[in-house]
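All remarks here apply to the structure that follows.
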Amino acid sequence: MQDGSGEQPTLADILRVLRMQACAMTRQTEAVDSFNTQMGQRLDAQAKQINEGLGRALRERQRVEKDTKDYTDNQLERVKSEVKEEMGQLAIDLKTHISKTLGRDVGGYQSMGEAATGLVKEEPCSASEWVSSDSGGEQVLGAQSYGVLRQGPSARATPRSAAPTPPSTPSPPSSPSHKAQGSRRRCRRGEGARKRPQEFDGTVSWEAYRAQFELLAKAWGWSRYERAVQLVGALKGSALEVLNQLPAGKQTSYSSVLAVLERRYGHQHQSEVFRARFRARLRNPGESLPHLAQDLEQLVRRAYPGASEDMITLLLRDQFVDAVNHPQIKIYIQQAHVEDCSKPWPEDWKWRPF
């Protein structure tokens with residue numbers, strides 16, 4: 001080894017160079033160790049933060065699960081309580097209805113038996129013994145006819161001249177409680193005769209009929225059992241045949257009767273039928289334009305039950321122009337810029353020239 005002057009380096013020079021290289025390598029090693037230490041500390045800090053974040057997320061998840069479980073349990077308990085109360089109320093209404101029905105019949109028989117006690121029992125009944133009630137149209141047997149009914153047909157066949165008629169014992173006056181019970185029974189029969197909903201045969205809108213029925217049932221205080229009985233009694237024609245889809249045990253369930261009628265006559269299940277009728281609707285000979293617009297409005301609302309009012313107006317206007325089926329009237333309507341066919345028609349529109 002030679003330096004720039006051509007002289008060979010001495011051993012001291014070589015040692016000095018080696019010491020310098022060793023110091024440089026030591027400094028590099030220390031720098032690498034320091035960098036590794038710093039990176040390890042950073043990684044430890046990041047790992048600690050990640051662990052803390054995961055712990056918080058786990059605790060938050062557990063809290064959310066607990067809150068969800070508590071809320072679900074509370075809702076289930078509330079629903080169970082409501083269903084239990086409703087079932088209890090239905091049972092009470094059913095018992096009340098049965099007791100009223102049985103009490104009315106048994107009370108009538110008991111009052112008839114008490115009135116006939118102690119009177120002559122072999123006197124055939126006459127036409128004057130029948131008393132008609134104006135409220136319910138019912139006929140009440142007198143005391144003598146009650147005795148004849150107990151003895152059978154042979155007593156009625158006995159002629160009046162066969163034996164002298166014993167004197168009749170005057171009947172005891174009716175107690176005020178019996179009179180009150182009879183008047184209350186007649187009032188209930190009269191109210192029941194008046195509380196009859198309109199019949200439903202499937203030709204009118206089911207939604208409109210159901211809204212009317214619910215309003216009347218709420219005003220008259222019907223229970224769900226009474227609503228089911230009244231609704232079934234109001235069905236006729238093809239609507240009555242829908243009951244064949246229900247088992248015997250479900251025909252007095254108000255929700256079951258509503259569900260089967262909704263499937264058969266609800267607009268949501270017949271939208272395709274009403275759409276076809278809406279597209280095929282044309283003006284009949286001699287039909288007025290207001291009547292055509294009204295019929296088209298009913299069809300479009302049944303064909304598109306979820307459409308907005310703007311969409312209903314647009315569909316109605318376009319189909320109205322197509323349904324007029326008269327070129328001059330179509331031109332006149334388009335020139336008049338009719339925006340809403342469902343609104344009242346102006347009085348000065350005269351269609352006779354067309």
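Take the sequence shown: its position 83, counting from 1, is numbered 83 in full-length UniProt numbering, and each next residue is one higher. Note that the Cβ used here is the ideal one computed from N, Cα and C, for glycine as well.
Spatial distance of residue i from residue j (CA atoms)
i: ALA248; j: VAL257; result: 11 Å
i: GLY137; j: LEU292; result: Because the pLDDT of GLY137 is 41, which lies under 50, any placement of that residue in the model is unreliable, and the number read from its coordinates should be weighed accordingly. When rounded, the distance between both Cα atoms is 47 Å.
i: VAL260; j: LEU243; result: 8 Å
i: ARG61; j: ARG42; result: 28 Å
i: TYR254; j: GLU272; result: 28 Å
i: GLN75; j: THR37; result: 56 Å
i: ALA208; j: GLN270; result: 15 Å
i: GLN8; j: ASP33; result: 38 Å
i: SER133; j: LEU102; result: Because SER133 carries a pLDDT of 39, less than 50, the predicted location of this residue cannot be relied on, and no value is offered for it.
i: ASP44; j: GLU52; result: 12 Å
i: GLN89; j: PRO305; result: 35 Å
i: MET39; j: THR29; result: 15 Å
i: THR10; j: LYS48; result: 57 Å
i: TRP206; j: GLY266; result: 6 Å
i: VAL83; j: ASP93; result: 15 Å
i: GLN230; j: VAL79; result: 28 Å
i: LEU316; j: LYS330; result: 14 Å
i: ALA12; j: ALA22; result: 15 Å
i: HIS326; j: LEU289; result: 12 Å
i: PHE35; j: GLN46; result: 16 Å
N- and C-terminal bounds of the alpha helix (DSSP H) containing residue i
i: TRP206; result: 206-220
i: SER288; result: Here SER288 belongs to no alpha helix (DSSP H), and DSSP marks it neither H nor E.
i: LEU232; result: Residue identity differs from the one stated: residue 232 is Val in this sequence, not Leu. Note, VAL232: alpha helix (DSSP H), 224-234.
i: GLN319; result: 309-324
i: GLU7; result: GLU7 -> no alpha helix (DSSP H), and no H or E assigned at all.
i: ALA276; result: 271-280
i: LEU261; result: 254-265
i: LEU240; result: 238-241
Cβ-Cβ distance between residue i and residue j below 8 Å
i: VAL324; j: ARG275; result: no
i: VAL300; j: ILE312; result: yes
i: GLN328; j: LEU296; result: no
i: VAL232; j: GLN251; result: yes
i: PHE278; j: ALA307; result: no
i: ARG227; j: ALA234; result: no
*Evaluate the contact criterion for the stretch 223-230 versus the stretch 90-102: three or more CB pairs, one atom per stretch, below 8 Å.*
Yes, they touch.
*Evaluate the contact criterion for the stretch 197-204 versus the stretch 62-72: three or more CB pairs, one atom per stretch, below 8 Å.*
They do not touch, by the three-pair rule.
*What are the start and end residues of each continuous beta strand (DSSP E) run of 3 or more residues lying completely inside the stretch 41-76, in chain order?*
Counting only runs of 3 or more, we get nothing.
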